[in-house]
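Numbering-wise (my numbering), the sequence shown opens with residue 49 and increments by one. Cβ coordinates follow ideal geometry from the N, Cα and C atoms, glycine included.
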Amino acid sequence: MSKVSVEKINYLGEEAIHVLTPELEAVIVPSWGTNLLELKWRAGEQALLRAPQTREQFLSASVLYGTPVLFPPNRIDGGEFEFNGRTYRFPVNESERGNHIHGVLMNEPWKLHRAEVQGEQAIVETTIDSKELPAVFEALPHHFTVKMQFVFEGASVIQRFMLDNLDEQPLPWGLGYHTTFNYPLNGQLESGRCTFKLETDQIWELTDRLLPTGELKAIPYGAELNEGMPLTGLPLDTVFQIPKDGKCEAVIADQDAGLQITYSGDSYFGQWVVYNNDSRAGYLCPEPYTWVTNAPHVQLPDDLTGFRALAPGGQVTVETQIVVSTLA
49 MSKVSVEKIN
59 YLGEEAIHVL
69 TPELEAVIVP
79 SWGTNLLELK
89 WRAGEQALLR
99 APQTREQFLS
109 ASVLYGTPVL
119 FPPNRIDGGE
129 FEFNGRTYRF
139 PVNESERGNH
149 IHGVLMNEPW
159 KLHRAEVQGE
169 QAIVETTIDS
179 KELPAVFEAL
189 PHHFTVKMQF
199 VFEGASVIQR
209 FMLDNLDEQP
219 LPWGLGYHTT
229 FNYPLNGQLE
239 SGRCTFKLET
249 DQIWELTDRL
259 LPTGELKAIP
269 YGAELNEGMP
279 LTGLPLDTVF
289 QIPKDGKCEA
299 VIADQDAGLQ
309 ITYSGDSYFG
319 QWVVYNNDSR
329 AGYLCPEPYT
339 WVTNAPHVQL
349 PDDLTGFRAL
359 APGGQVTVET
369 QIVVSTLA
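Written out as structure tokens, the structure reads:
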């Protein structure tokens, strides 16, 4: 019998997909934004992602659980931007700052396309069609589809975001994930034995509305962050730039839990936003982005900001991966 399994379950009142590999246990909820809401290390039942205990808890703050899909990521000034002779209008859902935030796919229902075991892999695929979702089509008035593919094997999860532009006009796009890990993994905030490592050399200067000014600055604690450092006492809601020839890779190492999480993205990702509330909330959100916050308004070269448009009939696949390993 295979040590890998996939089955449908009820999760807080929603149909979900439960996945087991020898090392990992996972739950994906398609109707809640195709969110990988739970990921556990089976030895010791260690929860890696922050998961809700109740339906009400999730619905009250869905962005802070699991792996919300941000399309486009983070903030857009005034909820509007111009591209290719067209004005795009997103809901201003961060009213205190006058921004749109978190994109249009995070809370939409996705359709389950596939959930099966193939050899040593568990594969789950979900889909979404912009023309079937009025709120999505209103903000991004293009016909496009997205397929999300999760591939579980051993101690790793690959997440592929596959975007197809079925429209006659180029589609501006940016992607991120508001991935919310428990931090520290064992919940002991004062231990100081959980560290975070990020390959980065600059941060984006932000306004009081948390929008980039266009200036990049040196990181005061950059050397420590590149080696791995504890974060207690360092509140973050910070936009980090990946070096031009650097890797999109973040590492959480928890000596007390005996585990390391390596979270990486492909070459489409140029920035990380890292958020941890007041640094004492018990979670850490390393968010890989393909475009910087408010990219359509940042007057800098696209190869720096990550602003992109997908040509009519074009397809793009963007990949991230979570790998869990034990520490000696």
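Subject >> C-alpha gap between Q207 and V199, whole angstroms >> reply: Looking at the two C-alpha atoms, the distance is approximately 7 Å.
Subject >> CB contact flag (Q308, S373, <7 Å) >> reply: In this structure, S373 lies closer than 7 Å to Q308 by Cβ.
Original post:
In chain order, what residues of the same chain lie with their CB nearer than 7 Å to the CB of M49, ignoring the 5 residues before and after it?
Top reply: Residue placement at M49 is poorly supported in this model, since its pLDDT is 47, which falls under 50; the coordinates are not used for a value here.
**OP:** Quickly, what does DSSP pair A163 with across the bridge? List them, please.
**Re:** DSSP output for A163 lists V172 as bridge partner(s).
**OP:** Assuming D314 contacts V366 (C-beta within less than 8 Å), just tell me the rounded distance between them.
**Re:** Between V366 and D314 the Cβ distance is about 6 Å, and since that is below 8 Å, they are a contact.
Subject >> Residue environment, T69, which counts as buried when at least 16 other CB atoms sit within 10 Å >> reply: Sixteen is the threshold: when 16 or more other Cβ atoms of the shown chains lie within 10 Å of the Cβ of T69, as they do, the residue is buried.
Subject >> 7 Å Cβ cutoff met for E137 and E128 >> reply: The amino acid occupying residue 137 in the given sequence is Arg; Glu does not appear at that position. Annotated as proximal: R137 and E128, with beta-carbon spacing under 7 Å.
Subject >> Distance, A298 Cα to G202 Cα >> reply: Rounded to the nearest whole angstrom, the CA to CA distance from G202 to A298 is 20 Å.
**OP:** Alpha carbon to alpha carbon, how far is E73 from Q169? Give it in angstroms, no decimals.
**Re:** Roughly 13 Å separates the two Cα atoms.
**OP:** Use the C-beta contact count for P349: other C-beta atoms within 10 angstroms, 16 or more gives buried, fewer gives exposed.
**Re:** P349 is exposed by the Cβ-count criterion.
Original post:
Going by the beta-carbon positions, is the gap between F131 and P220 smaller than 7 Å?
Top reply: Taking 7 Å as the Cβ cut-off, F131 and P220 qualify as a contacting pair.
Subject >> Beta-carbon spacing of V346, T338 below 7 Å >> reply: No, they are not a contact pair.
Subject >> Beta-carbon contacts of I57 that lie in its chain and below 7 Å, excluding the five residues immediately before and after >> reply: Result list for I57: A64 and H66, in chain order.
**OP:** Look at the alpha carbon of A427 and the alpha carbon of I267, and state the distance between them as a whole number of angstroms.
**Re:** The chain is shown only over 49 to 376; residue 427 falls outside these bounds and no answer can be derived.
Original post:
Three or more beta-carbon pairs under 8 Å between the segment 212-219 and the segment 189-196, yes or no?
Top reply: Touching, per the Cβ criterion.
Original post:
Is L107 helix, strand or coil when you go by DSSP?
Top reply: The three-state secondary structure of L107, taken from DSSP, is helix.
Original post:
Under 7 Å between the Cβ atoms of K195 and E247?
Top reply: With a cutoff of 7 Å on beta-carbon distance, K195 and E247 are scored as not near each other.
**OP:** Would you check whether the ligand MG has a heavy atom nearer than 6 Å to the C-beta of L279?
**Re:** Inclusion of the ligand MG in the displayed structure is not the case, the ligand content being empty and no account of it being possible.
Original post:
Would a C-beta distance cut-off of 7 Å place S312 and L279 closer than the cut-off?
Top reply: Cβ distance not < 7 Å, so S312 and L279 don't count as in contact.
**OP:** To the nearest angstrom, report how far apart K159 and T175 are at their CA atoms.
**Re:** Distance from the CA of K159 to the CA of T175, rounded to the nearest whole angstrom, comes to 5 Å.
**OP:** Measure the C-alpha to C-alpha separation of D293 and V165 and round it to an integer number of angstroms.
**Re:** For D293 and V165, the gap between their C-alpha atoms comes out near 36 Å.
Original post:
What span of residues does the beta strand (DSSP E) with L87 cover, start to end?
Top reply: Unbroken beta strand (DSSP E) run through L87: N83 to W89.
Subject >> Collapsed DSSP secondary structure at L273 in the structure displayed >> reply: Judged by DSSP in its simplified three-state form, L273 adopts helix.
Original post:
Is V75 near A163, with beta carbons less than 7 Å apart?
Top reply: It is not a contact, given that the beta carbons lie outside the stated cut-off.
Original post:
Apart from the five residues just before and just after G281, which ones in its own chain have a Cβ nearer than 7 Å to its Cβ?
Top reply: Cβ contact annotation for G281 (same chain, cutoff 7 Å, sequence separation greater than five): S327, in chain order.
Original post:
In chain order, what residues of the same chain lie with their CB nearer than 7 Å to the CB of N234, ignoring the 5 residues before and after it?
Top reply: Taking N234 as the centre and dropping the five residues before and after it, the same chain places the C-beta of D302, D304 and A305 closer than 7 Å to its C-beta, in chain order.
Subject >> Which of helix, strand or coil DSSP assigns to P182 >> reply: P182 falls in the helix class under three-state DSSP.
**OP:** Pull up the CB-CB distance for V321 and V364, whole angstroms please, since I reckon it's below 8 Å.
**Re:** Actually they do not touch by this definition, with Cβ atoms about 21 Å apart.
Original post:
Near P360, what residues of its chain come up, given a Cβ to Cβ distance below 7 Å and the 5 sequence neighbours on each side ignored?
Top reply: A distance below 7 Å between beta-carbons, with the five flanking residues on each side excluded, links P360 to the following residues of its chain, in chain order: N213, D215, E216, Q217 and P218.
Original post:
Any idea what DSSP makes of H150, helix, strand or coil?
Top reply: DSSP places H150 in coil when its eight states are reduced to three.
Original post:
Straight-line CA distance for P121 to L112?
Top reply: Whole-angstrom Cα-Cα distance: 14 Å.
Original post:
Assuming T115 and T227 make a contact with CB atoms under 8 Å, what is their CB distance in whole Å?
Top reply: That pair is a contact at about 5 Å.
Subject >> C-beta contact flag for L181 and G151 at 7 Å >> reply: In this structure, L181 keeps its C-beta atom at 7 Å or more from the C-beta atom of G151.
Original post:
Does DSSP classify P187 as helix, strand or coil?
Top reply: The residue you asked about is not Pro; residue 187 is Ala in the sequence shown. When DSSP states are grouped into helix, strand and coil, A187 belongs to the helix group.
Original post:
What beta strand (DSSP E) runs, 3 residues minimum, are completely inside the segment 232-294?
Top reply: As far as the segment 232-294 is concerned, its whole beta strand (DSSP E) runs of at least 3 residues are 242-246, 250-254, 260-266 and 285-289.
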